[in-house]
Amino acid sequence: MDPALTGFVALAALILGLFAWLRADMRRMEEGLRADMAGVEGRLNGRLDRVDERFDRMDARLDRMEARLAAVEHGQAKLEGLLEGLREAIAGRVPRTAAE
Numbered sequence: 033m034d035p036a037l038t039g040f041v042a043l044a045a046l047i048l049g050l051f052a053w054l055r056a057d058m059r060r061m062e063e064g065l066r067a068d069m070a071g072v073e074g075r076l077n078g079r080l081d082r083v084d085e086r087f088d089r090m091d092a093r094l095d096r097m098e099a100r101l102a103a104v105e106h107g108q109a110k111l112e113g114l115l116e117g118l119r120e121a122i123a124g125r126v127p128r129t130a131a132e
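Heads up, the sequence shown is in our numbering, so the first residue is 33 and it goes up one at a time.
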């Protein structure tokens with residue numbers, strides 16, 4: 033066999049071997065990257081679940097606070113009406129009617 037042809041075949045075999053090794057290495061890196069991404073995704077989902085729970089608790093608290101504020105506003109309106117009536121009674125004025 034011609035030494036140039038033998039060298040060419042050896043070089044071609046080396047190049048093909050290197051490409052096969054490189055491809056296998058890239059596949060291992062891809063699998064590792066996918067595993068890492070799955071881990072990050074799992075941790076992120078866990079944190080998002082905790083954030084959702086906190087938002088739900090915050091919504092419940094805001095609902096309770098709105099109810100309490102509505103009760104305070106209602107009580108304040110009643111007190112204002114009573115004070116207006118007391119002021120008119122002390123001043124000796126006749127209370128206004130709705131028709132006026």
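We put the beta carbon where it would ideally sit given N, CA and C, even for glycine.
Which of the three DSSP states is assigned to residue i in this structure?
i	result
D34	coil
G39	helix
G124	coil
Closer than 7 angstroms by C-beta to residue i: which residues in its own chain qualify, once you throw out the five before and the five after it? Chain order, please.
i	result
F87	none
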